[in-house]
Each structure stands twice: as C-alpha cells, then as structure tokens.
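Residue numbers (UniProt numbering): 1 to 832.
Ideal Cβ placement from N, Cα and C applies to all residues, glycine included.
Fair warning: this is a prediction, and the values are worked out from it, not measured in the lab.
Step one of this worksheet: look at the structure below.
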Ligand code: 73E
C-alpha cells in the first residue's frame, strides 16, 4: 500500500506535531525520486523519515551559517581523515527533541521508530577510536554552540565490512552509499581545484609558483550536525574528487580508446574510493599522500574563502587578522600538509612574505597526537613528496632549514639533538619527511589525549622540543558524547538516571551523575538498575544469536572486549585467559563446576587486511569458540563468541549489555582509549592496566570499582630488557594455556607463529614485545577476583552504579570546552 493511501502528504517540515510529521513523511515517500511512490516498506520508511528530519536540520543549519556569517566569530576547523559517524536518525531526532513525535508519526504507518532506525547503514568513514573521537567532538561542538566545522573525505566505500569465514576474517567493500545518504547535501557551488605533480616556476622577480601537472576538483558534501537541545547545527564538510568534461577526451573516446579518454575521471575516483588503501606498494603510498593533500588543500581554500567572504573588504594587508578568525586543528599527523599548503596559499597566491606567512600559520594550526607507536608515526619519502607536491617540498625544506638555524643560533646546548628534532631525516638510504616533527615545529600547540599519554609525549617522544618551547605542550583527556553513548543507546538506564537525579540535565552536564553516589546502596535503585541491565543483556543476546547462531545466557557474566585487533591491545591475552579457564573447567569435577561464575566472553574488532598476526588472533577466537561452545560438559559455564563486523551501531547494542569490559593494553601503548569511557558510563566494570585513560577512569570511579593488574608504564622498558637477557621466568599457567593451543585442542590451524611471538628470542616477532607473558599471571588473578565479586550481586550492582556515577569527567563536552578555551580561543555563538 502506498504511503499516500494512509496519510495526506504535506510538504512543510516545520512542525513537531505527529500528524503533520506523518504528512511530511508521506510527502517524502511520494515525491522522493529514489523510490516508487507505491512502495513503503521499512526501507522506504527510513529514507522518507530521514528526509523529513533533514528538513528540520536544514533550517537550523542555514540559520547557524547565517548567524556565524553575521557575527563573524573566530571559528575552529577540525581536519580529520576519519569520522565514524555511525547511524544518524536516532541521534538527530534525539538532539532535536522530537523523538516522541516521530515515533508517534511512524506508528500511523504501523512502524516502530526503533525498527525504522535499524534500517540505516552506518557511515563508517573511519577506522577506530580516532575517527569516533572526531564524531563525538562534532556532537559536542554543536551542543556547546561553538563556531566550528569538521572537514573530511567522502569515501565511496568506508572501512571494509568484516565477514568470518572458515579461514578467518574476510574483507568486503562496505557500500554505505549503495542507495544514497539522506543526510548529505551536495554543494555544486562549493568546488576547488586541487593540483598534483607538475613543477615550480620562477618568475623574473623571483616569485615561485606551482604549475603544470594535473588538476582535479574537490566538490563539497555537507552533513548537518545538530546540537543537543540548541538551535545550532554545524557542518561536517566532506570532499569528493571529480574531474570535468574538459578532462574527458571525446576524440580518444570516439576512437575506441575508452580508458585513456577518461583517465583523469578514473584517477579522481581513486582518491575517495576507500579509507586507508593498502600502502605496501609505491602506488598505494602515493594514493594515500594524494588523499591527505586533497583534504588539506580543499579545506584551506575553503577556509580562506570564508575568511574573505565574512568581511568583503579584507585585503592582503589584513592577513595578520587570520589567526583571530581561524583555528585549524589537525587530528593526528594525517592532515599535516595543511601547514605547507597554508604557507603556499599565503605566499604564492595571496602574496605574503615568508615571515608574515609563517607567523599566520604558526598562530593558526595546532596538532593532536594520538599514538606513540613508532610504526604509526608518519614518515613520507622525500622523493614521493617532491614528485607529487614539488612546491610543498620546497616549503618543508625551508621550514627545516630555518628550524636548524634557530636552534643553532639560540640553543648551543641542543646542537647534539638537532638531527633527531629536524623535520627532514636525510638518511641517504631513505630520506623522509617526519610529519610529527613538522607539526611540532609549525604548530602553536601540541596535545596528547590522556594525562599519562601527554606526560609520555613531554618526557619522551617530544622531550627535546619541550626544552625549547615549554608552553607548547598540553593534555586534553578524550571524551565521548553522553547523548549517543548513554541517552540514546541505553534508554532504560537513562530513564533510571533521570528519575533518581530528578532531572535529565545530566545529558548535557554529565558531572551531575555524581548525584547517583548517594543512592549506591539503595535497594530500590539496585532492583531497577539490575532490571535495566538484564533488558540490555537480552537485547545483546538476541544480536549474538542473530549474527553468530550462538545462544548465550543473559544470567552469565557478560565480558566484552571490542576494539581494533592489535597486538598491543592484547586480545591474545584475553583469549589465552579463556583457554586457561576452559582447561580448568574440563579438569574440575561436576560438583566444583557448579560453584564457578558462568561467563560469556565476547570479542569483536576488525584486523587490518595485511596485519597477519591480528588476523590469526581473529581466527583463534573463532576456533576457541567453536570448541568451547559445543562442549556440553562446560558450555553452561563458559562461552566464547566472536562478534563479527564490529562498528558503531553494534557498539550501541553491546555496550549497554556489558558487565565487565577489558582494556588490557601493555602500559604506555594505548594513548587513551574511548570505549573504556563508554563502558564505564553504562555501568560496566573495567578490568584493565594502568594505561591511557584507564588511569583517570579508575581515579574517578574509585579503585575498588576497577579491576587493576599488570606492569606499569615505567616498568615496561626494563621488563623488555630482562626478557631479552633471558631473565624472565614464565608462570606455569601461561605455559599451560599456550601448550593447550599447540596441542591442537582447537583445530588443525597452525598457531605456531602466533604463539611463538610470545616467546623470547625465537626469531619470530619481537620476543613478546607486548609483555603478555609478564602480565598473564596478574591478569588471571584479577579475573579470579572478578568471579568472586560477581557472586555478590549487591556488591556488583553497587560497583556498576559507581562506575556510571564517576563518568562525568569523560563527557566530550568537557574535552571540547577545554580545547575551545585553552587551544582554540573560541567562544559560544548560539543562534538567538
Ligand atoms: O588510544 C587511542 C585513542 O583513544 C588511539 O590508539 C587512537 O586514537 C584514539 C583517540 O584519541 C589512535 N588511532 C590512531 N592513532 N591513535 C591511528 C593511527 C594511524 C591511522 C589511523 C589511526
């Protein structure tokens, strides 16, 4: 039946009345060119509903743009190669406070809002925590009414979809734009030329200019980002690459040379095809650098355009005003090319001299570091950079030269350090540009993402720079948006929180959660809390059954580890723990088993396609699950489940249903972590090391409400040395768990190389570089404390309540407020 048969269509969106909304949904169903007006299944209902909600967003978004334009405040531009937006519908109606009205409207068509929202595809334009952080930040920027925008790339296929086959993980292109995205608005009026390759021309007066090569276009797609209960809606501007009709060689095409006729079109398509194209080949590396430059150049041209637009009388003499109107934040080193690109635009296009351009650039850009892992610190080959971006390479060389001269002339004592501090590494074997060094030298502020991490930056990675610029370095502990990560994903618990705090203000003032502490022993609250948890656990159990076919018991302890698969995150320690538990269960008498706390261990996450050990870990979790879950002797007490295709919307089901979550990285290696904050906020207790934000979470929720184990960050280097020197004596439990896997208990797949990476000096890996062997016994002991604690239901619920109560600090509203005040110098600009 068609939508129109039920409800009279109404084009006007500006209503919060369910009948009018239903009319508007019906209008979109009938007049949307994407579907037949005769069809109104759940999918069409989703698109029509989303388009109707978008009408609401567009109004606010236009009003906000005009308001910023009129008041001309200083504005922040957040540059990120990744945004993990997930689904938008529930969030949009929630932030606009029209959830009830839309739910009622959809009922008129016989649909539940939740089911319709479930039709939406995740926008997975990111890979992990860094991308999700960027998305949480946008939500907070809008909510705090900050003049700020996000810039990113519109990847045609987002992060791959993960399928678990017999051989382990398979990657499939994630076709999130299969139909279309109802949230994006293509801006045919916002297009910038982006050049690649070519050469530098020098005019008679000595001016340098980049010319030749090939030129593509960057085309803007805007995604409106609504704030929570505010009129402001900001923009996430995503760039797509296009070529023009002029680039299409009609002569060649008519001559049957189809591929060469459309060469530039095909190269344009490659740029935004996928996030993180494989970079094992030279072509792959070049493509990644192209992507980075594409983002930086388009965004900076746009920023400069807006700077001029907002004061039409601005002339080049006023460029010193630029940093009082523009803050650029680089999300890790991926957008570092913003630095030489801003220099180039200011000098070669706007005619500024070096000193003037440098002063503007330095006061405009700031850099967030997200990792100290050496392999993640970007270094680009100088040859590739010179070929693709010859003018930028010149500018980088000049920055390097001037930095050296500055150190030599002002800091004789640092001379011995210059080589490692320089932007260029001129090692003749492999000359490279060190992107992090470029960011530190050129930016006004550098920040880490948790206290511990920022201290490591200051004391180790960037220690030499601290002695030159002691005030450049800051900490901004990460945060998460409480809207998506409690209010909307866990409505049962949210209602309880609101009821006991007698206000829902916590949604935008998360510190109010401390008000729960005084009820931590209240039996009535305990009963409600336990009921909400059970409801979420049942929803999670249904998801697990749907996607894996495994039945799990909602009365068992739900123990979850979800994150990208990486050796430093130590999913391998988790699974070794589960293997050890399984072996002990097998050895026990039936009577003893009955005393055991039943557990469901869930692991989810994607392994990078070429990361062999990570893929072996995925395979091992699946293999262990296949044996344990089918072992009738013990599967009442233990199940092991691999959750396939972990993404934002899966997290929204898993996190509310969790009771214990694992954040067990080798100390000093996880810069912050943000899912730890989401779990804790949802009343889940953490088992973890003193790493990243765990340190601060434990402080906030109280050390009795956190299961701590493992080496401390400052012990790690010494322990690695000991290991190398043969001074490490493995615990028998560690040996037993590995041996059990080697014995073939979990199938015939050859796990030797993976297990050998945990041994010292085998020639494989780095001799248990991640210290799984050292931490394993204290991990097993901590897990035993978890089992005991869970037996005391009252104690456990209290811990759970105190985790939620202590999570106020981890709102991204707090984080963004600190960035705004302490790095960007911007203030709220609410639409009146
Ligand atoms: O600890 C997390 C942190 O919570 C860190 O590993 C992650 O960033 C999160 C947000 O601050 C991160 N991702 C990357 N580096 N750090 C990264 C590096 C290269 C490519 C893609 C992502």
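With distances taken between CB atoms, is the gap from residue i to residue j smaller than 9 Å?
{"i": "residue 697", "j": "residue 662", "result": "no"}
{"i": "residue 61", "j": "residue 303", "result": "no"}
{"i": "residue 329", "j": "residue 819", "result": "yes"}
{"i": "residue 497", "j": "residue 485", "result": "no"}
{"i": "residue 660", "j": "residue 790", "result": "yes"}
{"i": "residue 664", "j": "residue 749", "result": "no"}
{"i": "residue 550", "j": "residue 629", "result": "yes"}
{"i": "residue 202", "j": "residue 216", "result": "no"}
{"i": "residue 183", "j": "residue 223", "result": "yes"}
{"i": "residue 836", "j": "residue 120", "result": "Because the chain here runs from 1 to 832, residue 836 falls outside it and cannot be looked at."}
Run through DSSP, which three-state label would residue i get?
{"i": "residue 45", "result": "helix"}
{"i": "residue 1", "result": "With a pLDDT of 48 at residue 1, under the threshold of 50, the modelled position of that residue is not reliable, and the figure given next carries that caveat. Residue 1 falls in the coil class under three-state DSSP."}
{"i": "residue 235", "result": "strand"}
{"i": "residue 121", "result": "coil"}
{"i": "residue 494", "result": "helix"}
{"i": "residue 168", "result": "strand"}
{"i": "residue 201", "result": "strand"}
{"i": "residue 75", "result": "strand"}
{"i": "residue 780", "result": "helix"}
{"i": "residue 830", "result": "coil"}
{"i": "residue 178", "result": "coil"}
{"i": "residue 163", "result": "strand"}
{"i": "residue 425", "result": "strand"}
{"i": "residue 815", "result": "helix"}
{"i": "residue 350", "result": "coil"}
{"i": "residue 765", "result": "For residue 765, the predicted model reports a pLDDT of 47, less than 50, meaning its position is unreliable; a value from the coordinates is still stated below. Three-state result, residue 765: coil."}
{"i": "residue 259", "result": "helix"}
{"i": "residue 759", "result": "coil"}
{"i": "residue 221", "result": "strand"}
For the alpha helix (DSSP H) that contains residue i, what are its first and last residues?
{"i": "residue 23", "result": "18 to 31"}
{"i": "residue 344", "result": "338 to 344"}
{"i": "residue 467", "result": "463 to 468"}
{"i": "residue 834", "result": "A query on residue 834 cannot be resolved here, the shown segment of the chain reaching from 1 to 832 and no further."}
{"i": "residue 686", "result": "Taken as a continuous stretch (DSSP letters only), residue 686 belongs to no alpha helix (DSSP H), being part of the beta strand (DSSP E) at 685 to 688."}
{"i": "residue 244", "result": "It is not in any alpha helix (DSSP H) - residue 244 carries neither H nor E in the DSSP assignment."}
{"i": "residue 448", "result": "Careful: residue 448 lies outside any alpha helix (DSSP H), inside the beta strand (DSSP E) at 445 to 448."}
{"i": "residue 434", "result": "From DSSP, residue 434 is part of no alpha helix (DSSP H) but of the beta strand (DSSP E) over 432 to 434."}
{"i": "residue 754", "result": "752 to 756"}
{"i": "residue 188", "result": "Not the alpha helix (DSSP H): residue 188 falls in the beta strand (DSSP E), residues 185 to 196."}
{"i": "residue 209", "result": "No alpha helix (DSSP H) holds residue 209; the beta strand (DSSP E) holding it covers 208 to 211."}
{"i": "residue 474", "result": "Element bounds for residue 474: not the alpha helix (DSSP H) but the beta strand (DSSP E), 473 to 475."}
{"i": "residue 452", "result": "451 to 456"}
{"i": "residue 740", "result": "732 to 742"}
{"i": "residue 251", "result": "250 to 254"}
{"i": "residue 802", "result": "793 to 805"}
{"i": "residue 722", "result": "716 to 724"}
{"i": "residue 89", "result": "89 to 95"}
{"i": "residue 593", "result": "590 to 593"}
Got a sec, what are the start and stop residues for the beta strand (DSSP E) residue i sits in?
{"i": "residue 835", "result": "Residue 835 falls outside the range modelled here, since the chain spans only 1 to 832, and no answer is possible."}
{"i": "residue 228", "result": "It is not in any beta strand (DSSP E) - residue 228 carries neither H nor E in the DSSP assignment."}
{"i": "residue 83", "result": "83 to 86"}
{"i": "residue 562", "result": "557 to 562"}
{"i": "residue 708", "result": "706 to 708"}
I'd like to confirm something about residue i: is its beta-carbon nearer than 8 Å to some heavy atom of the ligand NAP, or not?
{"i": "residue 672", "result": "As for the ligand NAP, it is missing from this structure, which binds only the ligand 73E."}
Considering only residues of the region 270 to 335, which uninterrupted alpha helix (DSSP H) runs meet the minimum length of 4 residues and lie entirely inside it, listed in chain order? 282 to 310
Would you say the region 16 to 28 touches the region 106 to 115, given that touching needs at least three Cβ pairs under 8 Å? yes
Please specify which runs of the alpha helix (DSSP H), each continuous and at least 4 residues long, are wholly inside the region 108 to 157, giving them in chain order. Within the region 108 to 157, the runs of alpha helix (DSSP H) at least 4 residues long that lie entirely inside it are, in chain order, 113 to 117 and 129 to 143.
At least three beta-carbon pairs within less than 8 Å, the region 71 to 88 to the region 325 to 340: Cβ pair count under 8 Å is three or more, so yes.
Could you tell me which uninterrupted beta strand (DSSP E) segments, each at least 3 residues in length, are contained entirely in the region 352 to 415, listed from first to last along the chain? Listed in chain order, the beta strand (DSSP E) runs fully inside the region 352 to 415 are 365 to 368 and 379 to 381, counting runs of at least 3 residues.
Sequence ranges, beta strand (DSSP E) only - wholly within the region 613 to 676, length at least 3: 638 to 643 and 660 to 663
With a cut-off of 8 Å, do at least 3 Cβ pairs link the region 689 to 705 to the region 717 to 731? Touching, no, given that fewer than three Cβ pairs across the two stretches are closer than 8 Å.
Alpha helix (DSSP H) segments (min. 4 residues) lying fully within the region 486 to 549: Those alpha helix (DSSP H) runs which fall completely within the region 486 to 549 and span 4+ residues are 491 to 501 and 523 to 548.
Under 8 Å, with one C-beta from each stretch per pair, do the region 431 to 438 and the region 365 to 384 reach the 3-pair mark? yes
Touching or not, the region 615 to 624 and the region 160 to 180, by the rule of three or more beta carbon pairs under 8 Å? yes
Can you find at least 3 beta carbon pairs, one from the region 571 to 586 and one from the region 125 to 132, that sit closer than 8 Å? no
Given 8 Å as the limit, is there contact between the region 237 to 244 and the region 263 to 283, that is, 3 or more CB pairs closer than that? yes
Touch test, the region 785 to 805 against the region 459 to 475, Cβ-Cβ under 8 Å, three pairs minimum: no
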